[in-house]
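Single-structure report; data block below.
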Amino acid sequence: MKKIVLNPKRDYSVVHRHPWIFSGAIRGVEGNPAIGETVAVEDAKGTRLGWGSFSPSSQIRVRMLSFDPEREPDAGYVTGLVAAAVGRRADFWVNCCTNAFRLVHGESDGLPGVVADWYDGWVVVQLASAGAVFWQDTIVEALKSFVPECRGVYNRSDVDSRVREGLPAEGTVGVLAGEEPPELIEIHEGTIRYLVDVRHGHKTGFYLDQRDARAVVGSLANGTEMLNCFSYTGGFGLAARAAGALSVTQLDIAGAALELAKKNEELDHLCGTKVEYVEADVFKQLRLYRDQGRKFDMIVLDPPKFADVKGQLMRATRGYKDINLLAMKLLRPNGIIATFSCSGAVSEELFETVCREAAFDARREFQIVARTGQAADHPAGLFFPEGRYLKGLVLRAMS
Ligand code: SAH
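Counting with this note's numbering, you get residues 280 to 678 for the letters of the sequence shown.
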């Protein structure tokens, strides 16, 4: 049997159902497992603790698939995990508030490295770990059979983590089953429509995880002059527009994202809101607005991940503090800042501290009117704190 044996006293995290085993916890590997293959996991005394997928090149050497010593994962087991994850989204299928949501959310759904998103008829997958790729065919088959009215499965596994996993960069994008998706898939959240480019978009095409935050921003946007920093395809700005913002400025460094934001605007003929598009670096543009004396009633800051790993924390906190400080100074009295961090390495406490320091330096008092996090289709496993990566603070200036 292929197996790994843990070092003495390094079984704590597996026993406590954490899905990652780091290379330093491993005393030995037996049976020469191939990349992604399933290995039994034993403690130093030879007691089997479960089963995981072997990643020979990654620091995370094994990702747990089964914590049941008697249940070695096979295709039927993996199919069951996919079916269970899809089944947990039953509410999303029936309540119809949206036709785009996450079906499988990696470790937190018991399927390490596996992401699958639903975009009105198409499933887009991201297989980011050796084990996920090892089980690719089984996972695709399962999605096809358990997702109702699935027209096709598309692969968007062109992610950096594949390199760390020692997986080939080829064959990561394209149709895996069924039909080719259209160039743009139209989805909706409530009454707001968005076009999604699943071939070239970020992640699998859209920031589905910010759905709840978009609703909160919308609920506060009526009558405001709103600045949407790091707008991507316009999500928060479109939510503010639908809620009756006076003006929306969509600000992003990527022209292609802004072009799609404009197409999104054109999907609905709402004429009350003036929308402008600014292609610029947020760090520079906020300084320019400061120098021009421009003010806003609402500012959204939803930057890309500033820290991938703990080692980049200093740089990341400097980045968050800089943009938050600048934005706080651009706010009118009683204005709202909705500020986010999707860096897993930055904890909720640290993020709040950074915002507190920014407010202090801006010499303005704020109150927290809402905290947001990833939407319910992006759950975080209770045994997997790393699964809670997205945090948001909605702050109101008190003067
Ligand atoms: N708020 C978006 C998602 C933001 S993703 C949504 O809800 O859909 C991060 C975006 O930041 C990307 O579109 C990227 O092009 C943009 N970006 C990254 N660095 C930037 C910078 N320095 N200035 C402006 N935009 C930047």
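Glycine is no exception: its CB is placed at the ideal position from the N, C-alpha and C atoms.
Check                                                                                                          : Outcome
Residue nearest to Arg635 in terms of C-alpha spacing, selected from Leu661, Gln489, Gly623, Ile602            : Ile602
Contact the stretch 400-408 vs the stretch 360-374: 3+ CB pairs below 8 Å                                      : no
Coarse secondary structure for Val588, derived from DSSP in three states                                       : coil
Residue range of the unbroken beta strand (DSSP E) whose run includes Asn507                                   : 504-508
Sequence-distant residues of the same chain with beta carbon closer than 7 Å to Asp560, five excluded per side : Ile532
Any non-hydrogen atom of the ligand SAH within 8 Å of Ser332 CB                                                : no
Ala586 Cβ short of 8 Å to the ligand SAH heavy atom set                                                        : no
Beta-carbon proximity of Pro391 to Met343, cut-off 9 Å                                                         : yes
Of the residues Leu487, Ile647, Thr317, the one placed nearest Gly331, counting alpha carbons only             : Thr317
Environment of the ligand SAH in chain order, Cβ to heavy atom below 5 Å                                       : Tyr486, Gln489, Phe509, Tyr511, Gly514, Asp531, Ile532, Ala533, Ala536, Asp560, Val561, Asp581, Pro583
Inter-residue Cα distance where the pair is Asn501 and Ser387                                                  : 36 Å
Residue environment, Cys550, which counts as buried when at least 16 other CB atoms sit within 10 Å            : exposed
Cross-strand partners of His384 (DSSP beta bridge)                                                             : Val394
Between the CA atoms of Glu627 and Ile314 - distance to the nearest angstrom                                   : 35 Å
Burial state of Arg435, where buried means 16 or more other Cβ atoms lie within 10 Å                           : buried
Range of the contiguous beta strand (DSSP E) that encloses Asp547                                              : Counting along the chain, Asp547 falls outside any beta strand (DSSP E), and DSSP gives it neither H nor E.
Sequence-distant residues of the same chain with beta carbon closer than 7 Å to Asp488, five excluded per side : Gln653, Ala654, His657, Leu669
Length of the line joining the Cα atoms of Glu665 and Pro298                                                   : 10 Å
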